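The numbering of the sequence shown is my numbering, which starts it at 568 and goes up by one. Cβ coordinates follow ideal geometry from the N, Cα and C atoms, glycine included. Only a predicted model underlies this, so the values are computations on that prediction, with no experimental measurement involved.
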Amino acid sequence: MLLIRNTKNYLNYEIVEKDSEGYLKNNQDWNIYLAEEIAKKENITLTDNHWEIIYFIRKFYFAYNIAPSMRMLINGIQKELGKKIYSIYLFKLFPKGPAKQASKIAGIPKPSKCL
Numbered sequence: 568m569l570l571i572r573n574t575k576n577y578l579n580y581e582i583v584e585k586d587s588e589g590y591l592k593n594n595q596d597w598n599i600y601l602a603e604e605i606a607k608k609e610n611i612t613l614t615d616n617h618w619e620i621i622y623f624i625r626k627f628y629f630a631y632n633i634a635p636s637m638r639m640l641i642n643g644i645q646k647e648l649g650k651k652i653y654s655i656y657l658f659k660l661f662p663k664g665p666a667k668q669a670s671k672i673a674g675i676p677k678p679s680k681c682l
C-alpha cells in the first residue's frame with residue numbers, strides 16, 4: 568500500500584518529475600522523505616496528526632483510484648479512524664486547502680474538484 572523507496576535518486580524532491588503545480592507525476596516515486604520535503608516547501612512541519620491524514624489519503628487513493636474531495640476526506644476519516652473531525656481541523660493542518668495540499672504531500676494527484 569505505502570511504497571517507500573530509499574534509493575538516493577528518490578530522496579530529492581527537486582529531481583523527481585512533477586507537474587506544473589508540484590504534484591508528483593508518478594505516485595510510485597513518493598516516500599516519507601519526499602513528503603517531508605514537499606511539506607517544507609508548503610511551510611508545514613509534519614506532526615503525527617498530519618501523517619494520519621496523509622496515510623489515510625494514500626490508502627483512499629490506492630483503494631478507489633481517486634483523490635478524496637474534502638467531503639470524502641472528512642467522512643472517510645470519521646468512518647475509518649472513528650474520529651469526529653471538522654474542516655476547520657483539517658485547514659489548521661493544511662491551510663492552503665486540506666484535500667489539495669494534503670494530496671500533494673501524499674504524492675497523489677490533485678483532487679478533481681479542487682480549484
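- Rounded to the nearest whole angstrom, the CA to CA distance from I655 to I582 is 34 Å.
- By the CB criterion at 7 Å, P662 and S670 fall outside the cutoff.
- The continuous alpha helix (DSSP H) containing S670 extends over residues 665-673.
- In the structure shown, the three-state DSSP call for L613 is coil.
- Just measuring C-alpha positions, the residue of I633, Y600, L591 sitting nearest W618 is Y600.
- The continuous alpha helix (DSSP H) containing E604 extends over residues 599-608.
- DSSP places K585 within a strand segment (E or B) once states are collapsed to three.
- Proximity to D596 across N616, K608, R625, G649 peaks at R625, based on C-alpha coordinates.
- Annotated as distal: I672 and I633, with beta-carbon spacing of 7 Å or more.
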